[in-house]
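**Student:** In order, the protein sequences belong to chains A and B.
Last residue of the first sequence? That's 155 in the UniProt record's numbering, and every number before it is there in order.
Last residue of the second sequence? That's 155 in the UniProt record's numbering, and every number before it is there in order.
Got a structure here, written out as structure tokens. Questions coming.
2 protein chains.
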Amino acid sequence: MAVDKSQINEVDWAIMRRLGENARVPFSTVAKELGISNTMVHQRVNKLRQLGILENATYRFNASVLGYSTEAFTRIDIANAKYIPKIVKELERIPEIIECCNISGKYALLIKVMARDNNHLRDVLYGKIHDLEGVVGTDTNISFETVFQKNVPLK
Amino acid sequence: MAVDKSQINEVDWAIMRRLGENARVPFSTVAKELGISNTMVHQRVNKLRQLGILENATYRFNASVLGYSTEAFTRIDIANAKYIPKIVKELERIPEIIECCNISGKYALLIKVMARDNNHLRDVLYGKIHDLEGVVGTDTNISFETVFQKNVPLK
DNA sequence: GCTGAAACAAGTAGTGT
DNA sequence: ACACTACTTGTTTCAGC
Chain A
1 MAVDKSQINE VDWAIMRRLG ENARVPFSTV AKELGISNTM VHQRVNKLRQ
51 LGILENATYR FNASVLGYST EAFTRIDIAN AKYIPKIVKE LERIPEIIEC
101 CNISGKYALL IKVMARDNNH LRDVLYGKIH DLEGVVGTDT NISFETVFQK
151 NVPLK
Chain B
1 MAVDKSQINE VDWAIMRRLG ENARVPFSTV AKELGISNTM VHQRVNKLRQ
51 LGILENATYR FNASVLGYST EAFTRIDIAN AKYIPKIVKE LERIPEIIEC
101 CNISGKYALL IKVMARDNNH LRDVLYGKIH DLEGVVGTDT NISFETVFQK
151 NVPLK
């Protein structure tokens, strides 16, 4: 699964760091900054994509400006593991759920919910999630603030 | 904090959806797809940036290809809220911690940890986090799989 | 609010060292 | 493995509807 990191040199890491902070920076700018030709940047990026390290570039959206001021982490207690695949499929259809992880412990699933306010959050929890077959209960913590969020450590 | 959504029309949402899935798609391609001029795409993007909705574009990296095969959520129990700001600063310096949220409940902080393996995870937990002043304990769940991850719901 | 043209900048592919 | 050149394509600005 993991790649042999000896194939990746300092230039590759530098390119990744730069693209990790701003995916729309022109490759020619990156080339100038690193003192290499822009052809090189292209080739490195292609290599890193082929290796599967570099995935898609995405824009981020500011949730609170979009009116989502209530964020929560909810752990879901599930009666039996056999329900998980179906539950996950249903959860994915709910737009307010933006992340879903299968975790160890009493609660098999951990999700991140974005809601406009507490009423909206309640609607998602008790109007959608609790209705799913196999869901025995949930335990929710409000997230007051995402203090920081970073990329996977590079190098 | 939230923006007046009446300023945002279908074209804006379409542009955001497109850029949300691929931040490197040329604006001229987006323009063609939506049947508008590429100037228009620029103007909309500028508007959305000014409104604060559209933030930076970033590349994503594949953690497991980079050798990070152990992912965990850890909740941190803190003796007194006064320690939080300092703890958060220290946590931010630890590269393995890629997300940190201030949550409600017994545990004030929830973090996401990326490690190479369980030994590495232990080093982060007991070699770094437990040493911080104000940390009374931690509760960790391994994340076996991030089943899905999406952007903030648009529209 | 929107378009089109034009100047400029960047991306891509082929060739050569 | 790398850079140079030439060609294609995208970005950005501005005048005008």
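Even glycine gets a Cβ: it sits at the ideal position worked out from N, Cα and C.
No experiment lies behind these values; they were computed from the predicted model shown.
Is B/T58 near A/G52, with beta carbons less than 7 angstroms apart?
**Tutor:** Here the question's residue 58 of chain B lines up with position 58 in the second sequence. Here the question's residue 52 of chain A lines up with position 52 in the first sequence. No. Outside cutoff.
**Student:** Would you kindly work out how many angstroms separate the C-alpha atoms of A/L34 and A/H42, rounded to a whole number?
**Tutor:** Your numbering for residue 34 of chain A matches position 34 in the first sequence. Your numbering for residue 42 of chain A matches position 42 in the first sequence. About 13 angstroms.
**Student:** Take B/I15 and list the residues in its own chain whose beta-carbon comes closer than 8 angstroms to its own, dropping the five residues that flank it on each side.
**Tutor:** As a position in the second sequence, residue 15 of chain B is number 15, starting the count at 1. So the list reads V30, L34, V41, R44, V45 and L48, once near-sequence residues are dropped.
**Student:** Between which two residues does the alpha helix (DSSP H) containing A/D12 stretch?
**Tutor:** In the first sequence, the residue the question calls residue 12 of chain A occupies position 12. Looking at the DSSP string, the run of the alpha helix (DSSP H) that includes A/D12 is E10 to E21.
**Student:** Are the beta-carbon atoms of B/T138 and B/I98 separated by less than 7 angstroms?
**Tutor:** Here residue 138 of chain B is taken as the residue at index 138 of the second sequence, counted from 1. Here residue 98 of chain B is taken as the residue at index 98 of the second sequence, counted from 1. No, the pair does not count as a contact, with Cβ atoms beyond the cut-off.
**Student:** Can the beta-carbon of B/C101 be found closer than 7 angstroms to that of A/S143?
**Tutor:** As a working note, residue 101 of chain B is residue 101 in the second sequence. As a working note, residue 143 of chain A is residue 143 in the first sequence. Yes, these two residues count as a Cβ contact at 7 angstroms.
**Student:** Cβ of B/L132 within 7 angstroms of Cβ of B/I78?
**Tutor:** Here the question's residue 132 of chain B lines up with position 132 in the second sequence. Here the question's residue 78 of chain B lines up with position 78 in the second sequence. No. Outside cutoff.
**Student:** Cβ closer than 7 angstroms: which chain A residues qualify as neighbours of B/S105?
**Tutor:** Taking the second sequence and counting its residues from 1, one reaches residue 105 of chain B at position 105. Looking at the sequence shown, residue 105 of chain B is not Ser but Gly. Correct list: N141.
**Student:** Hey, is B/E99's beta-carbon within less than 7 angstroms of any beta-carbon in chain A?
**Tutor:** Position 99 of the second sequence, counted from the start, is the residue given in the question as residue 99 of chain B. Yes - at least one Cβ of chain A is within 7 angstroms of the one on B/E99.
**Student:** Which of the three DSSP states is assigned to A/I94 in this structure?
**Tutor:** Locating residue 94 of chain A in the first sequence gives position 94, counting from the first residue. In the structure shown, A/I94 sits in coil (DSSP, three-state: anything other than H, G, I, E or B).
**Student:** As a quick exercise: from A/S37, A/R60 and A/R24, pick the residue whose alpha carbon is nearest that of residue 197 of chain A.
**Tutor:** The structure shown does not extend to residue 197 of chain A, since chain A is modelled only from 1 through 155, so no value can be given for it.
**Student:** What does the Cβ neighbour count give for A/A81, buried or exposed, with the cut at 16 atoms within 10 Å?
**Tutor:** The residue labelled residue 81 of chain A in the question sits at position 81 within the first sequence. So A/A81 ends up on the exposed side.
**Student:** Less than 7 angstroms between the C-beta atoms of A/A136 and A/A72, yes or no?
**Tutor:** Working through the first sequence from its first residue, we reach residue 136 of chain A at position 136. Working through the first sequence from its first residue, we reach residue 72 of chain A at position 72. The sequence given here places Val at residue 136 of chain A; Ala does not occur at that position. No. Outside cutoff.
**Student:** Counting only the same chain and skipping the five closest in sequence on each side, list residues whose C-beta sits under 7 angstroms from that of B/Y107.
**Tutor:** In the second sequence, residue 107 of chain B corresponds to position 107, counting from 1. R75, I76, D77 and D139, listed in sequence order.
**Student:** Can you give, in chain order, each stretch of the alpha helix (DSSP H) that sits fully within the stretch 51–92 of chain B and has at least 4 residues?
**Tutor:** Runs found: none.
**Student:** Would DSSP call A/V135 helix, strand or coil?
**Tutor:** As a working note, residue 135 of chain A is residue 135 in the first sequence. Looking at A/V135 - three-state DSSP - the assignment turns out to be strand.
**Student:** Verify whether the separation of the beta carbon atoms of B/F148 and A/E55 is less than 7 angstroms.
**Tutor:** The residue labelled residue 148 of chain B in the question sits at position 148 within the second sequence. The residue labelled residue 55 of chain A in the question sits at position 55 within the first sequence. No; because the gap between Cβ atoms is not below 7 angstroms, this pair is not in contact.
**Student:** Taking the beta strand (DSSP E) that B/L110 falls in, what are its first and last residues?
**Tutor:** In the second sequence, counting from the first residue as 1, residue 110 of chain B sits at position 110. Counting along the chain, the beta strand (DSSP E) containing B/L110 begins and ends at L109 to A115.
**Student:** Starting from B/A57, find everything on chain A with Cβ-Cβ shorter than 8 angstroms and list it in chain order.
**Tutor:** Mapped onto the second sequence, residue 57 of chain B falls at position 57. Per Cβ cutoff of 8 angstroms: N22, A23, R24, A57, T58, Y59 and R60.
**Student:** Would B/E90 count as contacting chain A if we go by Cβ distances under 7 angstroms?
**Tutor:** The residue given as residue 90 of chain B occupies position 90 in the second sequence. So, not an interface residue.
**Student:** If I follow the unbroken alpha helix (DSSP H) through A/R122, where does it start and stop?
**Tutor:** Here residue 122 of chain A refers to the residue found at position 122 of the first sequence. A/R122 -> alpha helix (DSSP H) spans N118 to V124.
**Student:** What does A/T146 reach in chain B if we use C-beta pairs closer than 9 angstroms?
**Tutor:** Mapped onto the first sequence, residue 146 of chain A falls at position 146. Neighbours of A/T146 on chain B, chain order: E99, C100, C101 and N102.
**Student:** Determine, using beta carbons only, whether A/L66 and B/V65 come nearer to each other than 7 angstroms.
**Tutor:** Position 66 of the first sequence, counting from 1, holds the residue named residue 66 of chain A. Position 65 of the second sequence, counting from 1, holds the residue named residue 65 of chain B. Cβ distance not < 7 angstroms, so A/L66 and B/V65 don't count as in contact.
**Student:** Excluding the 5 residues preceding and the 5 following A/L121 in the sequence, name in chain order all residues of the same chain whose CB lies nearer than 7 angstroms to its CB.
**Tutor:** Start at 1 with the first residue of the first sequence, and residue 121 of chain A comes out as number 121. Closer than 7 angstroms at the Cβ level, and outside the excluded window around A/L121, lie T70, A72, V113 and A115.
**Student:** Nearest-angstrom Cα distance between B/I8 and B/K32?
**Tutor:** Locating residue 8 of chain B in the second sequence gives position 8, where the first residue counts as 1. Locating residue 32 of chain B in the second sequence gives position 32, where the first residue counts as 1. If you take the alpha carbons of B/I8 and B/K32, they lie about 20 angstroms apart.
**Student:** Taking the alpha-carbon of A/N118 as reference, which of A/I103, A/S104 and A/E96 has the nearest alpha-carbon?
**Tutor:** As a position in the first sequence, residue 118 of chain A is number 118, starting the count at 1. Closest by alpha carbon: A/E96.
**Student:** For B/D12, count the other beta carbons within 10 Å of its own beta carbon; 16 or more makes it buried, fewer makes it exposed. Which is it?
**Tutor:** Residue mapping note: residue 12 of chain B aligns to position 12 of the second sequence, counting from 1. Burial call: buried.
**Student:** Between A/G105 and B/N62, is the Cβ-Cβ spacing less than 7 angstroms?
**Tutor:** In the first sequence, counting from the first residue as 1, residue 105 of chain A sits at position 105. In the second sequence, counting from the first residue as 1, residue 62 of chain B sits at position 62. In this structure, B/N62 does not lie closer than 7 angstroms to A/G105 by Cβ.
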